[in-house]
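Numbering (the UniProt record's numbering), first residue to last: 1 to 471. For glycine and all other residues, C-beta sits at the position ideal for the given N, C-alpha and C. Just so we're clear, the structure is a prediction, and the values are computed from it rather than from any experiment. Presented below is the structure to which this report refers.
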Amino acid sequence: MATLSATQLLPLSLPIPSQKPRHPHFRFQSLNPNPRLFSVISQVSNFRPLHSVLSSSPITVDADSEDDDVTLRRICQSHVPDHILCRMEELGYVAPTPVQRQALPTLFSGRDCILHAQTGSGKTLTYLLLIFGVVDTQRSAVQALIVVPTRELGMQVTRVARTLAAKPKQGELEQKACTVMALLDGGMLTRHKSWLKAEPPTIVVATIGSLCQMLEKHIIKLDSTRVLVIDEVDFMFSSKQVSSLRKLLTSYSSINNRQTVFASASIPQHRRFLHDCIQQKWTKNDAIHIHVNPVQPMPSCLQHRFVISDKSRRHETLLSLLESDAPQSGIVFVGEQSEKSKKAGNAPPTTLLIDFLKASYKGCSDILLLEEDMNFNSRAASLSEVRQGSSYLLVSTDIAARGVDLPDTTHIYNFDIPRTAIDYLHRAGRTGRKPFSEKKCTVTNIITSEERFVLQKYENELMFNCQELIV
Ligand SMILES: Nc1ncnc2c1ncn2[C@@H]1O[C@H](COP(=O)(O)OP(=O)(O)OP(=O)(O)O)[C@@H](O)[C@H]1O
C-alpha cells in the first residue's frame, strides 16, 4: 500500500510554538535542513505514525487502512450524490490521492480542517467533494464559499466545480443542478448583483475584494453558508487583505454555522497557525491539521538544477537552456520590476524577455505573457491559450505561482531567483502536477554566483538537491 507513515493528524491539544513539544514526534513537523535526518525521520515515522501514538486524537482516519484498492467512490459513497461521483469518474478521478484519502473521512465527519499537502496533490477536488456532500441544491442560498487569492485561481476552481456539477442527465434525477458563481476581481459586479438577488447560487468562488464589496452592500448573505474554504491560506493571511479576511471569518459568518477548511501547500509555523485559528475563532476548537508528507514538502518527481550566469547574459543562458531542453511546455518565472526601475522608465523585465524570446527562440510558436499589469481580459486570454495549446512557453511573474494548474507543464525556469523558499516551492509546484505519474519534471534556476548561497538555503529548508548544469 501507499506509504502513509508521514501522515500526521494534529489534535487540539497542540503545544503553542513557544512551548516544548509534548511528544518527541512533533519534531518531525519541522523542516529539517539535514538531509541525513530525512531518512531517519522516514524510518522512525514508518515505525510509529504520529496519530497512532496520540491517544488524545478522537479521529481515526480510514485512509490509513491497509486497503490499497480504496477508491474515491468508496470514500465518498454515503456522502456525495451519485451523479457527482459518476461525473468524477468520467473525468478520470478514480483512485484517491494521499490528501484525498487522508482528509475526506475527516472532512465528512464535519470537523474544521487545515489541509496541508504538496502542490499538485489534489486539494481542490478534496474540498469540492466535501462541498458537494454538504450542499442541498433544492435550497436557493449560498451554501459554500471558496475564497482564493487571484482571479486566475478563481476561474480554475470555478471550472472544476462546474464540470463536476454538470446537470444530471434528463430523467436520471429530479435534482436541480448545483450553480457556481465566480465572484472575482475584474468581473462584472452588476451582473452578479442581479444574479444574487434573483436566485442565489449554491457555491460562490470569490476573491476577497469583490466578496467584501457584496457583503458590505448586503447583496450576498452568508447565513446559510455551511462550508467556507480559504485556499492558499498562508498567502491570504500575508496579503494586504488580511483585515477583510479576518472580518469574513469572524463577523460575516460564524464558526458555529459553518465548517471551515483552510488549504495550502505551505503553512509556515503551522502549529501556531492552528493555535491562532482556535484562539481567534476562525475555526472551532476541534479543528485538525492534516499534514500529508511533511518530510517531503515538494513532489518527488521534480529534478532541480541550477546554472551560474552573469546577470547581463541571462537572456542568452535561458535561450541555450531552452534549445537543449526543447521543453514541450514550460513556464519562465521573472521577478517583479523594482520601483526604482519603474521610476527610471525602464521596460519591465517580462517585456524585455518575451521580446527577446520571440525574436530568437524558434522551438515554440506559442510564447505568452502573464503579469499583474495586464488587464484582466488579456490575462484570461493568455491562460486560455496556454490551456488549449499542446505546446507553450509562458513568461510570468509570481501571479502564476499559486494554485494555477497547467498539468502539461514539464519545465519551470526561474529566470530570477524566488524571494523566499515558499515562493520557490510554489513556482516549482507548477510542474509535476499529474498525481499518479512517475514522469520527471525539471526546475532550473538561473543564478549569479553570489546567489548560490540563497539557493542552498532553499535546498536546506525544502530538502531537495540542486545539480549544477554547465551550459
Ligand atoms: N484523484 C485524482 N486522480 C487523478 N488526478 C487528480 C486527482 N485529484 C486531482 N487530480 C489532478 O491533479 C492536479 C492537481 O490538483 P489540484 O489543482 O487540486 O492541486 P493542489 O493540491 O490544489 O495544488 P496547489 O497547492 O498547487 O494549488 C489537477 O490537474 C487535478 O485534475
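Can you look up residue i in the DSSP assignment and give me helix, strand or coil?
| i | result |
| --- | --- |
| Gly330 | strand |
| Asp82 | helix |
| Leu393 | strand |
| Asn285 | coil |
| His304 | strand |
| Glu336 | coil |
| Gln156 | helix |
| Tyr413 | strand |
| Gln279 | helix |
| Thr207 | strand |
| Ala263 | strand |
| Ile446 | strand |
| His218 | coil |
| Val292 | coil |
| Glu232 | coil |
| Leu469 | coil |
| Ala117 | coil |
| Cys441 | strand |
| Ala144 | strand |
Nearest to residue i by CA position, among the options, is which residue?
| i | options | result |
| --- | --- | --- |
| Ser300 | Val233, Thr431, Gln456, Leu115 | Thr431 |
| Val471 | Gln279, His270, Ile308 | Ile308 |
| Val233 | Thr225, Arg87, Val242, Val227 | Val242 |
| Lys217 | Ala401, Leu196, Ile230, Thr202 | Leu196 |
| Asp310 | Leu129, Ser449, Arg159, Phe108 | Ser449 |
| Pro294 | Arg314, Thr260, Ile267 | Ile267 |
| Pro201 | Ala182, Thr420, Cys212, Ile208 | Ala182 |
| Glu316 | Gln296, Ser360, Leu302 | Ser360 |
| Gln118 | Pro81, Ser264, Ala161, Arg313 | Ser264 |
| Ser443 | Asp398, Phe376, Tyr413 | Before going further, note that residue 443 is Val rather than Ser in the sequence given. Residue Tyr413 is the option with its Cα nearest to Val443. |
| Ser384 | Thr71, Ile367, Thr397, Asp373 | Ile367 |
| Leu130 | Phe356, Leu211, Gln388, Cys76 | Cys76 |
Using a Cβ-Cβ cutoff of less than 6 Å, which residues in the same chain neighbour residue i once the five nearest sequence positions on both sides are dropped?
| i | result |
| --- | --- |
| Ser320 | Val471 |
| Leu145 | Val204, Thr225, Leu228 |
| Asn465 | none |
| Pro348 | Gln337 |
| Asn426 | Reading off the sequence shown, one finds His at residue 426, where the question assumed Asn. Excluding sequence neighbours, His426 sits near Ala401, Arg402. |
| Glu459 | Cys466 |
| Lys193 | Ile219 |
| Gly330 | Leu393, His411 |
| Ser365 | none |
Residues in the same chain with beta-carbon distance under 7 Å from residue i, minus the five sequence neighbours each way, listed in chain order, please.
| i | result |
| --- | --- |
| Tyr424 | Pro418, Tyr458, Leu462 |
| Glu372 | Thr397, Ile399 |
Just to confirm my understanding: we take residue i, look at its own chain, exclude 5 residues before and 5 after, and list those with CB closer than 8 Å. What are they?
| i | result |
| --- | --- |
| Asn256 | Lys284 |
| Val180 | Thr158, Ala161, Arg162, Ala165, Pro201, Thr202, Ile203, Val204, Val205 |
| Phe306 | Thr444, Asn445, Ile446, Ile447, Arg452, Leu455, Cys466, Gln467, Glu468, Leu469 |
| Ser382 | Leu368, Leu369, Leu370, Met374, Leu394 |
**Contact the stretch 239-258 vs the stretch 82-96: 3+ CB pairs below 8 Å** = For the pair of segments examined, the stretch 239-258 was found not to touch the stretch 82-96: the number of CB pairs separated by less than 8 Å stays below three.
**Prompt:** Between the stretch 275-293 and the stretch 130-138, do at least 3 Cβ pairs fall closer than 8 Å?
**Reply:** Short answer: they don't touch.
**Request:** Decide if the stretch 150-164 is in contact with the stretch 98-112; the criterion is three or more beta carbon pairs, one per stretch, under 8 Å apart.
**Result:** Touching, no.
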